[in-house]
Amino acid sequence: MTEKWPVPDTADVEANLSRVRERIAAACARYGRKEEDVTLLAVTKTVSAERINRAVSCGVTKIGENRVQEYLQKQPLLLPVEAHLIGHLQTNKVGQIVGKVAMIQSVDSLHLAAAIQKAAEKIGVRVDILAEVNVGGEESKSGVSPEEAEEFCNELSAFPALNLRGLMTVPPISDSEVKKRQYFSRMSQLFIDIQGKIRHNNTMNILSMGMSDDYVEAIAEGSTMVRIGSAIFGKRDYSHSVSVPKL
Ligand SMILES: *Cc1c(COP(=O)(O)O)cnc(C)c1O
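Residue 17 in my numbering sits at position 29 of the sequence shown, with consecutive numbering throughout.
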């Protein structure tokens, strides 16, 4: 009898990824968007390195992680891939992540921006960031209000080591296509408005919005980066993720 190693089955990742790519392409065609203007960020929180690597070998070039510790533990096991931090970042973790990710999408306060500035200066790098906007004004979510967004962006863009590349949002969950599109439309207007008014010289060309349940609506309203997790990797298992999963 031959002993079988438990080979992790990752074929579902490849199939899911194809489906997501088809839906992105269909949404672009339907809403008059160019496919090259919509970047896919595969969201890999709680996902094992094997499953992430399957996605990378199927052409995923960018991943999003929520937690500093989890990303730093998995990173040495990953195929080369560009990582973005998309989860709330505490200032005491900033020193561990600056220089290790290509972008921090979840900048939600000047206090955090100042900490990133300091850490970036220390190692002599510039950091790409997005300003997080709480478009639905939800208590439970991070981000500045839409009303504060322009002033916040102007302040962020003045930090010499920060490169403000655009806006990120997680809108309220809704079953209504109309409501979803209203939030995304509001973000699009804000994005265009701020691009035209920004006082400092930053290249603001990323509007990061749309997740597994609403990326089609986000593309319809002008998203340039969709952050998709469960539609690619399946339902998340948080049971190991309070302490970082053993890999
Ligand atoms: C988890 C997460 C996503 C992806 O969510 P899915 O619904 O699984 O696609 C996107 N953005 C942020 C900020 C997240 O935390």
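Think of the CB as a built atom: it goes at the ideal place given N, C-alpha and C, for glycine as much as any other residue.
- Message: Would you say the beta carbon of ASN4 is closer than 7 angstroms to some non-hydrogen atom of ligand 1?
- Response: Here residue 4 is taken as the residue at index 16 of the sequence shown, counted from 1. For ligand 1, not one heavy atom lies less than 7 angstroms from the Cβ of ASN4.
- Query: Under 7 angstroms from any heavy atom of ligand 1, does the C-beta of ASP201 make it?
  - Reply: Position 213 of the sequence shown, counting from 1, holds the residue named residue 201. Checking the Cβ of ASP201 against ligand 1 gives yes.
- Anyone know if the C-beta pair for ALA15 and VAL166 falls short of 8 angstroms? Numbered from 1 along the sequence shown, position 27 holds the residue referred to as residue 15. Numbered from 1 along the sequence shown, position 178 holds the residue referred to as residue 166. No. Outside cutoff.
- Counting only the same chain and skipping the five closest in sequence on each side, list residues whose C-beta sits under 7 angstroms from that of HIS99. The residue labelled residue 99 in the question sits at position 111 within the sequence shown. Contacts found: THR79.
- Query: So does SER133 have its beta carbon nearer than 7 angstroms to some heavy atom of ligand 1?
  - Reply: What you label residue 133 is simply residue 145 of the sequence shown in a count that begins at 1. No, ligand 1 has no heavy atom inside 7 angstroms of this Cβ.
- Taking the alpha carbon of SER200 as the point to measure from, which residue in LEU65, LYS185, LYS168 has its own alpha carbon closest? Indexing the sequence shown from 1 puts residue 200 at position 212. The shortest C-alpha separation from SER200 is found at LYS168.
- Query: Under three-state DSSP, which class holds THR34?
  - Reply: Your numbering for residue 34 matches position 46 in the sequence shown. Coil, per DSSP.
- Message: Buried or exposed, going by whether 16 or more other CB atoms sit within 10 Å of the CB of ARG18?
- Response: Start at 1 with the first residue of the sequence shown, and residue 18 comes out as number 30. Label assigned to ARG18: exposed.
- Message: Taking 8 angstroms as the limit between beta carbons, can you name the residues of its chain near GLY75, skipping five residues before and five after?
- Response: Stepping through the sequence shown from its first residue, residue 75 is reached at position 87. Only residues of its own chain outside the window of five on either side were considered, and among them LYS33, GLU53, ASN54, ARG55, SER94 have a CB closer than 8 angstroms to the CB of GLY75, listed in chain order.
- Please classify PRO(-4): is it buried, with 16 or more other beta-carbons within 10 angstroms of its beta-carbon, or exposed? Residue mapping note: residue -4 aligns to position 8 of the sequence shown, counting from 1. Counting other Cβ atoms within 10 Å of its Cβ, PRO(-4) stays below 16 and is therefore classed as exposed.
- Does DSSP classify GLU10 as helix, strand or coil? Walking along the sequence shown from the start, residue 10 turns up at place 22. Secondary structure of GLU10 (DSSP, three-state): helix.
- From the DSSP output, in three-state form, read off GLN57 for me. On the sequence shown, residue 57 is found 69 positions in, with the first residue counted as 1. Here GLN57 sits in helix by DSSP.
- Just the Cα atoms here: how many angstroms apart are THR191 and SER133? Along the sequence shown, read from residue 1 onward, the residue named residue 191 stands at position 203. Along the sequence shown, read from residue 1 onward, the residue named residue 133 stands at position 145. Cα-Cα distance, rounded: 22 angstroms.
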